[in-house]
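Residue numbers (our numbering): 3 to 519.
Every residue, glycine too, gets a C-beta built ideally from N, C-alpha and C.
Heads up: the structure comes next, in structure tokens.
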Amino acid sequence: MSSNDQAAPSPVLELQGITKTFGPVVANENVNFDLYPGEIHALVGENGAGKTTLMRILFGMYRPNAGSIRLGGREVELKKPMDAIEHGIGMVHQHFMLVPSFSVLENITLGAEPGAGGLFDRGRAEEAARGPMERLGLALDPSTVTGSLNVATQQKLEITKVLYRGAKIIILDEPTAVLTPQETEELFVLLKKLAADGSSIIFISHKLREVFAVADRITVLRNGRTVSTTPARDLDASAVVAAMTGRSDVNLGRITRNAPEDDVVLSVSGLSTAKFEHDAALDSINFEVRAGEVVGIAGVEGNGQSALAETLIGTAAPLAGKIELAGTDLTRLAVSARRDLGLSYVPEDRHREGIPINGSVLEGLAAGTLRRHRGWNGLANAFPRALQAWGTDMISKYAIRTSGRNAKCHTLSGGNQQKIVMARELEEQPKCIVLAQPTRGVDLGAIEFLYDRIAEATARSCAVVLISADLDEILRLSDRVLVMYRGRMVAEETATETSREELGMHMTGAKALGTAA
């Protein structure tokens, strides 16, 4: 190095030898991670790899069993989130922490309100918030009610909150989970600007396309340990997946399936509902799904997808319209009657609706289908031998990693819990299956396995309605894609002829084409 060369910068953050256990479970084991000034450092790994635990340690939510945290070269103890905030660390959670009924200014200053004697000094608050808002290009009236803002603007507001508190290190946990592709690109421009201005960013995501679009370096965790830390320019998606899973054969491309058949299995016409608590009302929905076809339903969450799933399976009643399965009108039938006629369902919340979380694996496999099993007498603790043998077969067939059929569902990973739900629903040999967020919280290896099972179902002429917030998943699996916006179907695209960007335009209502048929 010549005398004119600048010395290499020192890290602003060093996590060294971090170990954290919860009883016998080792969440982090001797993990190392560092962060440099103006760097965007991605942290990736499968579910359960230890990412969340590590960041909670950094934000003062957990105390490590071993290891050290150094900020600017000095070792610090972060015993609570306020300690982290005082040391210039801010965290933007995947699920926003904003109060919808509060104003923009009230949310920015919440917990750090300027004033004296318990009185809020609005003038000082607006002055203090102006700088962070301008850094993010957040041109809002501070009195605007937060609940009236779109999701992308609310996320900017979350980042404004941490800047207002003086954060120099910003942790972003799955920041694009509810954004369209266009909003994601806008976020990346913003993050790069913040980094150029001196902020250091930890970017946690399972979307590798986005990791490569924004990160300078990538650290991979697997089974609670650091596998590698590498400049992003020296990697590709396959290398990162191999590091995450320990496998080099994970398929990242489109799932190969047979072409759909001509017979219409599911027909929905004029379907309308009242408004749901956390979702838009359906407004005259029309679409069909043919035998062996996968129709993807895309849209920003909250635009009617949950309402559609619940109305199709019968847990919600429509105000108008008709639902037909293989020519039979299901519109006024109970859930059990729809299942008897060949409609299956994988719910988006497997813990609340999919499995008995405190029940056994066998109970999860048989839930809702017990009356079809000969010899069962109605007692959950008196399963006939044939049913027990069937459960063992299902565990093997669906590669469910468990100590046995009597193991409790809550002891299994998210991927294995989802395999229980998929096994139960697909083994019914349905004419049509509604899949709502089928791989949310599921590891890459399990995702690949579930995709193969979906492909097998379509080969048996099963029609599939795939509701997913993951556009890559929609495009990998679907034959056609329908886009929902404010409770309406605003577009229909052939999956192999469209793009994430085009779908994103539809998802924001910027390219509405009328009702898809």
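Exercise for the section: Identify, in the order they occur along the chain, each residue of the same chain with its Cβ nearer than 7 Å to the Cβ of A127, setting aside the five sequence neighbours on each side. Expected result: By 1-based counting over the sequence shown, the position of residue 127 is 125. Excluding residues within five positions, the ones whose Cβ falls inside 7 Å are L107, T111, E115, P116.
Problem - Among V467, E212, E303, N418, the one whose alpha carbon lies nearest that of L327 - result: What you label residue 327 is simply residue 325 of the sequence shown in a count that begins at 1. The shortest C-alpha separation from L327 is found at V467.
Problem - Terminal residues of the alpha helix (DSSP H) in which N109 lies - result: If you number the sequence shown from 1, residue 109 lands on position 107. Segment 106-111, the alpha helix (DSSP H) holding N109.
Handout entry: Proximity to P11 [Cα-Cα], best of V423, S202, G25
Key = Here residue 11 corresponds to residue number 9 of the sequence shown, with the count starting at 1. Taking the Cα of P11 as reference, the smallest distance to any Cα among V423, S202, G25 is reached at S202.
Exercise for the section: Please classify N379: does DSSP put it in a helix, a strand, or coil? Expected result: Position 377 of the sequence shown, counting from 1, holds the residue named residue 379. Note that N379 scores 47 on pLDDT, short of 50, meaning its location in the model is unreliable and no value can be drawn from it.
Exercise for the section: Return the chain-ordered list of same chain residues with a C-beta closer than 7 Å to the C-beta of G52, the five sequence neighbours on each side being excluded. Expected result: Taking the sequence shown and counting its residues from 1, one reaches residue 52 at position 50. Spatial neighbours of G52 in its own chain (CB-CB distance under 7 Å, excluding positions within 5 residues in sequence) are listed in chain order as A29, N30, V33, L223, G226.
Practice task
Check each candidate in R249, A179, L17 and name the one with the smallest Cα separation from G301.
Solution key: As a first step, residue 301 is located in the sequence shown; it is residue number 299 there, counting from the start. Nearest C-alpha to G301: A179.
Handout entry: From E458, E494, L15, residue whose alpha carbon lies closest to that of I257
Key = Sequence index remark: in the sequence shown, residue 257 carries index 255 (1-based). The candidate whose alpha carbon is nearest that of I257 is E458.
Problem - alpha helix (DSSP H) runs contained entirely in the region 107-191, provided each spans 4 or more residues - result: The alpha helix (DSSP H) runs lying completely inside the region 107-191 and spanning 4 residues or more are 124-137, 153-166, given in chain order.
Problem - Run of the beta strand (DSSP E) containing G69, from where it starts to where it stops - result: Working through the sequence shown from its first residue, we reach residue 69 at position 67. Start and end: 68-73.
Exercise for the section: May I ask you to list the residues that DSSP assigns as paired with G298? Expected result: Translated into the one-based positions of the sequence shown, residue 298 becomes position 296. Looking at the DSSP assignment, G298 forms a beta bridge with L468, V483.
Practice task
Label N408 either buried or exposed according to how many other C-beta atoms from any shown protein chain fall within 10 Å of its C-beta, with 16 as the threshold for buried.
Solution key: Numbered from 1 along the sequence shown, position 406 holds the residue referred to as residue 408. N408 comes out exposed.
Problem - Inter-residue spacing [alpha-carbon to alpha-carbon] between L484 and A425 - result: For the purposes of this step, residue 484 is taken as residue 482 along the sequence shown, with counting starting at 1. For the purposes of this step, residue 425 is taken as residue 423 along the sequence shown, with counting starting at 1. Rounded to the nearest angstrom, the two C-alpha atoms are 26 Å apart.
Exercise for the section: Spell out a yes or no on whether the region 277-287 and the region 328-340 are touching, meaning 3 or more CB-CB pairs, one atom from each, closer than 8 Å. Expected result: Of all C-beta pairs linking the region 277-287 to the region 328-340, fewer than three are shorter than 8 Å, placing the two stretches out of contact.
Exercise for the section: Indicate the three-state DSSP secondary structure (helix, strand or coil) for L223 in the structure shown. Expected result: In the sequence shown, residue 223 corresponds to position 221, counting from 1. If DSSP states are grouped into helix, strand and coil, L223 belongs with the strands.
Problem - Spatial neighbours of E77 in its chain, beta-carbon cut-off 6 Å, leaving aside the 5 residues before and after - result: Taking the first residue of the sequence shown as 1, we reach residue 77 at position 75. The residues S70, in chain order, have a CB closer than 6 Å to that of E77 in the same chain once the five nearest residues on each side in sequence are set aside.
Practice task
Per DSSP, which residues does H43 bridge with? Please list them.
Solution key: For the purposes of this step, residue 43 is taken as residue 41 along the sequence shown, with counting starting at 1. The bridge partners DSSP lists for H43 are I204, R219.
Handout entry: Buried or exposed (CB count within 10 angstroms, at least 16 for buried), K421
Key = Reading the sequence shown from its first residue, position 419 is the one you call residue 421. K421 should be labelled buried.
Practice task
Reducing DSSP to helix, strand and coil, say where A512 ends up.
Solution key: Mapped onto the sequence shown, residue 512 falls at position 510. Residue state, collapsed to three classes: coil.
Exercise for the section: For the region 259-279 and the region 316-325, state whether three or more C-beta atom pairs, one from each stretch, are separated by less than 8 Å. Expected result: Proximity of the region 259-279 to the region 316-325 meets the contact definition, three or more beta-carbon pairs being nearer than 8 Å.
Handout entry: Same chain, Cβ closer than 8 Å to R340, five either side skipped, listed in chain order
Key = Position 338 of the sequence shown, counted from the start, is the residue given in the question as residue 340. Contacts found: I315, G316, L327, L332.
Problem - For A118 and H208, the rounded distance between their alpha carbons - result: Working through the sequence shown from its first residue, we reach residue 208 at position 206. Working through the sequence shown from its first residue, we reach residue 118 at position 116. Between H208 and A118, the C-alpha separation is close to 44 Å.
Exercise for the section: Take K158 and list the residues in its own chain whose beta-carbon comes closer than 6 Å to its own, dropping the five residues that flank it on each side. Expected result: On the sequence shown, residue 158 is found 156 positions in, with the first residue counted as 1. Cβ neighbours of K158 beyond the five flanking positions: L138, L140.
Exercise for the section: Could you tell me the distance, in whole angstroms, from the CA atom of M93 to the CA atom of G294? Expected result: Here residue 93 is taken as the residue at index 91 of the sequence shown, counted from 1. Here residue 294 is taken as the residue at index 292 of the sequence shown, counted from 1. About 44 Å.
Handout entry: Cβ neighbours of I87 in the same chain (closer than 6 Å, five flanking residues each side left out)
Key = In the sequence shown, the residue the question calls residue 87 occupies position 85. The residues are R167.
Handout entry: Sequence-distant residues of the same chain with beta carbon closer than 8 Å to G511, five excluded per side
Key = Stepping through the sequence shown from its first residue, residue 511 is reached at position 509. Only Y487, R488, V492 meet the Cβ criterion.
Practice task
Counting only runs of 3+ residues fully inside the region 390-459, write out the beta strand (DSSP E) ranges in chain order.
Solution key: Here the runs fully enclosed are 434-438.
Problem - Element boundaries [beta strand (DSSP E), containing R292] - result: Within the sequence shown, numbered from 1, the residue matching residue 292 stands at position 290. From DSSP, the beta strand (DSSP E) with R292 extends over 287-292.
Exercise for the section: Would you mind stating whether Q419 and R352 have Cβ atoms separated by less than 9 Å? Expected result: On the sequence shown, position 417 is the one that residue 419 refers to. On the sequence shown, position 350 is the one that residue 352 refers to. Yes, the Cβ-Cβ distance between Q419 and R352 is below 9 Å.
Exercise for the section: Could you say if the region 387-407 and the region 355-371 meet the contact criterion of at least three C-beta pairs nearer than 8 Å? Expected result: yes
Problem - Same chain, Cβ closer than 6 Å to Q184, neighbours up to 5 away in sequence not counted - result: Your numbering for residue 184 matches position 182 in the sequence shown. If we look at Q184 and ignore the five residues flanking it on each side, its Cβ neighbours are G506.
Practice task
Could you work out which residue in I204, I299, T55 is closest to I161 when comparing CA atoms only?
Solution key: Here residue 161 refers to the residue found at position 159 when the sequence shown is read from its first residue. If we check each option's Cα against that of I161, I204 comes out closest.
Handout entry: Closer than 8 Å: S362 CB and nearest the ligand ATP heavy atom
Key = Inclusion of the ligand ATP in the displayed structure is not the case, the ligand content being empty and no account of it being possible.
Handout entry: Residue interval of the alpha helix (DSSP H) (run including Q307)
Key = For this step, residue 307 is matched to residue 305 along the sequence shown. Counting along the chain, the alpha helix (DSSP H) containing Q307 begins and ends at 307-315.
Problem - Other residues of its chain near Y347: CB distance less than 6 Å, five sequence neighbours each side excluded - result: Counting from one through the sequence shown, the residue named residue 347 turns up at place 345. Excluding the 5 residues flanking it on each side, Y347 has same chain C-beta neighbours closer than 6 Å at I315, V436, in chain order.
Handout entry: Backbone CA spacing between E79 and S105 [nearest angstrom]
Key = Counting from 1 along the sequence shown, the entry for residue 79 is found at position 77. Counting from 1 along the sequence shown, the entry for residue 105 is found at position 103. Answer to the nearest angstrom: the Cα atoms are 34 Å apart.
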